[in-house]
Each structure stands twice: as C-alpha cells, then as structure tokens.
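Peer 1:
Protein chains: 4
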Amino acid sequence: MTHTHATELRVRYAETDRMGVVYYANYLIWCEVGRVELLRALGRSYAALEAEGIGLAVSEATVRYLSPARFDDRIRVETTLTGVRSRAVTFDYLIANAETGARLATARTALVSIDRDGRLAAIPQDFRVVLESVL
Amino acid sequence: MTHTHATELRVRYAETDRMGVVYYANYLIWCEVGRVELLRALGRSYAALEAEGIGLAVSEATVRYLSPARFDDRIRVETTLTGVRSRAVTFDYLIANAETGARLATARTALVSIDRDGRLAAIPQDFRVVLESVL
Amino acid sequence: MTHTHATELRVRYAETDRMGVVYYANYLIWCEVGRVELLRALGRSYAALEAEGIGLAVSEATVRYLSPARFDDRIRVETTLTGVRSRAVTFDYLIANAETGARLATARTALVSIDRDGRLAAIPQDFRVVLESVL
Amino acid sequence: MTHTHATELRVRYAETDRMGVVYYANYLIWCEVGRVELLRALGRSYAALEAEGIGLAVSEATVRYLSPARFDDRIRVETTLTGVRSRAVTFDYLIANAETGARLATARTALVSIDRDGRLAAIPQDFRVVLESVL
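Protein chains in written order, with my numbering: chain A, -13 to 121; chain B, -13 to 121; chain C, -13 to 121; chain D, -13 to 121.
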C-alpha cells in the first residue's frame, strides 16, 4: 500500500450549521476518522493501541478551509502519514468532495503518544515498525 | 431551595444546523448541563460522584420540541428532580427562551447508577439523602 | 423493499465521552442518518426535499438505552417508517452492534413537515406517495 | 476597552471523550464562543451581522494543545482581535483553566467575510470601524 489512505463518509445534517455548510470544527472529526482508518488499513487498530495503554493525543492541528462541504455530500478523506518518532506522529489530510473531486480542506495534525496517566510514552515498537514501513 | 433549579446558557453557532435552528440532539446536551448544575446547587458535584466510582447513565430520554431555539438566544434550563431510588434517578426539564419566556422544549430522562464496570450499583447513601431532601 | 432499512456506521472517537461509551445525545444523530438513508433507499433525497422548500422537523424523540456502544464498534441502524400523514411522519429505530447483533438502543421520532418559514406545510404529494407505499 | 476579551464557560460532559479529556475539535467551538462574545463586548452582535447578509467564514484555524481540559473545569477563553482588512479578520485565543490559570491551548483563526451566496464581500463599514478601534 502507499502511505496515503482514502476513506469516505457522508455529511450528516448534524454537521451543518445555520450558514448552510459544515461547521468548521467538524473537519477535525473527519481527520480523526481518516487516521483511524489509515491505521486499520495498516492492520493496526487504534482501539487496540489504547487497550495496550497507549493513546495518541493531538498536540497541534491546522485546517485550511478551501470550499464548503454541504449536507449529504459524499466526502473523501485522504490521510497521509508524514512522520514517526519514538513518541510522536504526524499526519496530513486532504478533504475533498468524492463526487466532483473538489478540494474542500487541507489539514495537518501532530500527535504525541501518552500513557493512561497522560505522560509521554514511547509508541510500542511493533506499532512503530508498521508506521515506519509506509513513510 | 426548591426541587427545581434553573441555569442559563447562550446558543452557540456550533449548535445550529442548516435549518437555521438548534439541532435536535443538542437539547439533550442542555439537559445534561441542567442536571449537573442542579446537583451543584445541592452542594454535590457530579464529577466528584464519578471520582468515587459511581456514574449516572441515561437509560431513557424523551424530548418534546415546541418551538425552535436559534443562534445567540439566551436559554433557561429548568431541571426538576422527580424521583430517586437506590439505583435510579429521574429528572424533568423545561427549556425556555430566557428573554421572552417562550417554552422551547420539555424533556424527561431516567438514569441508573453504575460502577466503573458498567454494572448497576447503589447511589452512595450521603448523595441519595441530599437528592431525597428536595423531592 | 420492506419498510425497514438498515444502514451501518462506525463509532467515532468524537462520539464517546469520558465514561468510555457513546454520549447519549449522539444516538439521535444516528437516527437522523438512518432516516436519511431510508429515504435514499426509497429513491428520495432529503436534501432534494429541502431544496423544494419543505423540511422535516422533529417534534418528539424518545430513546431507550439498552447497552452502551463503544469506540470503533460497527453499528447497524434499522429504521422503520411507522406512519405518514399530510404533515407528519414517524419512524422507529433499532440500533444494534453490527458484529454481535446486541441491541444497544431503540428510538422513536415524530417529525412535522414545515416550510422555509417554519410553518406547518403539507408533504409534497409525490413524496408522500412513496412513503405510503412502504407502510 | 482593550483588544482582548475574556469569557468563561464550564466544560460539559458532552465535550469529553473516552480519553477522559475534552475532545480536540471542541476547542474550536470555544474559540467561536470567544469571538462572538468579543464582538458583543464591542457592542456588535454577530447574529445581527448575519441578519444584514454578511457572515464570517473561517478560512484557517490552528490550535496548539498544551494541557488537557477536563469535565466540569471552568475555562477562560481570552480572545484577541489581531487584524482587520476589508474582507478578512483574524483572532488569537488563549484558553486557560479559570481556577488555576493553567494554559490549556492557544489558537489562531483567520476569517473571511462572505455574502449569503458565499462570495467574498466587504465587512460593513460601521462594523469594520468598531473592529479597527480596538486593534
């Protein structure tokens, strides 16, 4: 596989606001869906990682909004793993209209790995190897 | 104090949908705010209850929508404790426009007390006594 | 087709709360997804209905919570159209774990049809005929 | 008044996730609350601006997460207007624990002014004058 994974979703009514478009915070939810699905495509479950006691907490997020998404649009989230270190991982995202291909937003998130007490903790070695294999 | 507690909030843009009004699921969030504030007014913190290992999980919720709430409206949530048993508690809610007094919604929730493993567990005695004092 | 339509979704991290389960208001979002997909399966788009100037506003919603949904669970939403009148429509929902079949929640919503000014307005005849065909 | 406005809010249960802290997208909702309240403190209502046909759409948002917010924390959102142009405005945010003063997050948003059709449109002159008065 490549280091970019695409997943699709349908815009929910709940995600819109009274401007008639998707509320800006909700793109970060789609980014989360994108990275969970990228991990699944790599054969790794984020839920299983947490069950091992390691979570990935977002330390920085940036979104550039290019064109609004609307109710019922089919959305494609392309997630790219862009960096892996012992206790950090970064992803880029391209959010597009799946039917027209129109680019709606780009985003970038940095995440740090933490234990159940919220302290920085190393990403498990086997998990890190899988991530590095697609860089 | 009486058994009804009122708290106010302001409608957020995020809470609206493309119909131009507050999305229907969000009224349940306001009910949650209402019961947390009722408990606080009784001198009890829901966060502290959870720190003791007991949570209150909603087992049933009903909302009747009477008139739409809109962005920036000031909302009053009147929460009434209507029943307490060893492992269950019920609340009624009246959601109104705080400026006009217009009734926007009524709601009712039943909650059960559970331990950290999700099993039914008795509400702590001191907590229950406080609740029963305002029935 | 039958009058019940099933759609599936995956629980998002955003939908969980600190009890470790899906926050109770979010089931109403899934009900909305269920009825939009039921309409689509009938060949009708809710977005198109709104483009005609008619919306369906929820007038009452009830959810019974049976067992918690958790992050990454695959969820099946079975939506059943239970009633159609000139200006109202009702749906029942069964929300289940798609892998285990465990019943997580049942719900019921009543909706009224309104025009762009929020006044009661008849459901368009062609739309109503389609709905009635599956009752 | 200064160009920084502070508003407070209480973390809702709905805003937490199963990591036990506030879900990362929700900080953008608090930023929205912050800028709406800053405008109100300046004597301007964002709802009124929209009623005139002009909206402010976020074109870019960045959040740096420093320390997690938790259920029931009192949060202070300090919003600073950092730039005004004919069709754009920028804000900085400092999100802190209102009781301890701990810095939880910093954020920055750029917004563009648009008309009801989503096209770039000038911020009304009287509105812009007020904004510029506090730069």
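Using N, Cα and C, we set each Cβ at its ideal position, and we do this for glycine too. What you are looking at is a predicted structure, and each value in this text was computed from that prediction instead of being measured.
Using CA atoms only, rank isn't needed, just tell me which of B/H(-9), B/P110 and B/V49 is closest to B/A27.
Peer 2: For the purposes of this step, residue 27 of chain B is taken as residue 41 along the second sequence, with counting starting at 1. Nearest C-alpha to B/A27: B/H(-9).
Peer 1: Here's a check: name, in chain order, each residue in its chain whose Cβ is nearer than 7 Å to the Cβ of D/G69, leaving out the five neighbours to either side.
Peer 2: Mapped onto the fourth sequence, residue 69 of chain D falls at position 83. Excluding sequence neighbours, D/G69 sits near V75 and T76.
Peer 1: Who are the near neighbours of A/D78 in its chain, counting only those whose CB is closer than 8 Å to its CB and skipping five residues on each side?
Peer 2: Counting from 1 along the first sequence, the entry for residue 78 of chain A is found at position 92. Here the set comprises T65, T66, T68, T92, A93 and R94.
Peer 1: Report back the beta-carbon spacing between C/Y32 and C/V22 to the nearest angstrom; my notes put them in contact at under 8 Å.
Peer 2: By 1-based counting over the third sequence, the position of residue 32 of chain C is 46. By 1-based counting over the third sequence, the position of residue 22 of chain C is 36. Between C/V22 and C/Y32 the Cβ distance is about 5 Å, and since that is below 8 Å, they are a contact.
Peer 1: I want to know whether the stretch 39 to 47 of chain C touches the stretch 102 to 110 of chain C - three or more CB-CB distances under 8 Å.
Peer 2: Counting Cβ pairs under 8 Å, three or more are found: they touch.
Peer 1: Any beta carbon of chain A sitting closer than 8 Å to that of B/D3?
Peer 2: Here residue 3 of chain B corresponds to residue number 17 of the second sequence, with the count starting at 1. So yes, B/D3 belongs to the interface.
Peer 1: Can D/I61 and D/V7 be called in contact, C-beta distance under 8 Å?
Peer 2: The residue labelled residue 61 of chain D in the question sits at position 75 within the fourth sequence. The residue labelled residue 7 of chain D in the question sits at position 21 within the fourth sequence. Not in contact: D/I61 and D/V7 (Cβ atoms no closer than 8 Å).
Peer 1: For D/V63 and C/A11, what's the separation of their Cα atoms in angstroms?
Peer 2: Here residue 63 of chain D refers to the residue found at position 77 of the fourth sequence. Here residue 11 of chain C refers to the residue found at position 25 of the third sequence. Between D/V63 and C/A11, the C-alpha separation is close to 25 Å.
Peer 1: Can you give the Cα-Cα distance for A/R73 and A/L97, rounded to whole angstroms?
Peer 2: Stepping through the first sequence from its first residue, residue 73 of chain A is reached at position 87. Stepping through the first sequence from its first residue, residue 97 of chain A is reached at position 111. Cα to Cα, A/R73 sits roughly 8 Å from A/L97.
Peer 1: Would you tell me roughly how many angstroms separate the C-alpha atoms of C/L80 and B/A47, rounded to the nearest one?
Peer 2: The residue you call residue 80 of chain C lines up with position 94 of the third sequence. The residue you call residue 47 of chain B lines up with position 61 of the second sequence. The straight-line gap from Cα to Cα measures roughly 15 Å.
Peer 1: Between D/A0, D/W16 and D/D103, which lies nearest to B/G20 when the distance is taken from Cα to Cα?
Peer 2: To locate residue 20 of chain B, count along the second sequence from 1; it is residue 34. Here the closest residue by C-alpha is D/A0.
Peer 1: Can you give the Cα-Cα distance for D/E38 and D/F113, rounded to whole angstroms?
Peer 2: Stepping through the fourth sequence from its first residue, residue 38 of chain D is reached at position 52. Stepping through the fourth sequence from its first residue, residue 113 of chain D is reached at position 127. For D/E38 and D/F113, the distance between alpha carbons rounds to 11 Å.
Peer 1: Can you tell me the Cα-Cα spacing of C/A82 and C/R89, whole angstroms?
Peer 2: Taking the third sequence and counting its residues from 1, the one referred to as residue 82 of chain C is at position 96. Taking the third sequence and counting its residues from 1, the one referred to as residue 89 of chain C is at position 103. The alpha-carbon atoms of C/A82 and C/R89 are separated by roughly 4 Å.
Peer 1: If the criterion is Cβ atoms closer than 8 Å, does the pair B/A84 and B/E18 meet it?
Peer 2: Indexing the second sequence from 1 puts residue 84 of chain B at position 98. Indexing the second sequence from 1 puts residue 18 of chain B at position 32. No.
Peer 1: Mind reading off the beta-carbon distance from B/G29 to C/P54? Whole number of angstroms is fine, and I expect it under 8 Å.
Peer 2: Locating residue 29 of chain B in the second sequence gives position 43, where the first residue counts as 1. Locating residue 54 of chain C in the third sequence gives position 68, where the first residue counts as 1. Rounded, the Cβ-Cβ distance is 29 Å, inconsistent with contact.
Peer 1: Thinking just about the alpha-carbon of each residue, which of A/I15, A/D3, A/R4 and A/Y9 is nearest to the one in C/T2?
Peer 2: Within the third sequence, numbered from 1, the residue matching residue 2 of chain C stands at position 16. The option with the nearest alpha carbon to C/T2 is A/I15.
Peer 1: For a contact meaning CB atoms closer than 7 Å, what does D/I134 contact in chain B?
Peer 2: Because chain D in this structure spans residues -13 to 121, residue 134 of chain D falls outside the shown range and cannot be described.
Peer 1: Here's the rule I'm using: 16 or more other beta-carbon atoms within 10 Å means buried, otherwise exposed. How should C/V115 be labelled?
Peer 2: Looking up residue 115 of chain C in the third sequence gives position 129. Label assigned to C/V115: exposed.
Peer 1: Do the CB positions of B/F57 and A/R4 come within less than 8 Å of each other?
Peer 2: Reading the second sequence from its first residue, position 71 is the one you call residue 57 of chain B. Reading the first sequence from its first residue, position 18 is the one you call residue 4 of chain A. Contact: yes.
Peer 1: Along chain B, in chain order, which residues have C-beta atoms closer than 7 Å to that of C/G104?
Peer 2: The residue given as residue 104 of chain C occupies position 118 in the third sequence. What C/G104 touches in chain B: P54.
Peer 1: If you draw a straight line from the C-alpha of D/R102 to the C-alpha of D/E36, how long is it?
Peer 2: As a first step, residue 102 of chain D must be located in the fourth sequence, where it is residue number 116. As a first step, residue 36 of chain D must be located in the fourth sequence, where it is residue number 50. Rounded to the nearest angstrom, the two C-alpha atoms are 9 Å apart.
Peer 1: Counting along the chain, where does the alpha helix (DSSP H) carrying C/I15 start and finish?
Peer 2: Walking along the third sequence from the start, residue 15 of chain C turns up at place 29. Unbroken alpha helix (DSSP H) run through C/I15: N12 to A27.
Peer 1: Under 8 Å between beta-carbons, which chain A residues line up against D/W12? List them in chain order, please.
Peer 2: Translated into positions along the fourth sequence, residue 12 of chain D becomes position 26. The question names Trp, but residue 12 of chain D in the sequence shown is Asn. A11, listed in chain order.
Peer 1: Once DSSP output is grouped into helix, strand and coil, what is the label at C/L(-5)?
Peer 2: As a working note, residue -5 of chain C is residue 9 in the third sequence. DSSP places C/L(-5) in strand when its eight states are reduced to three.
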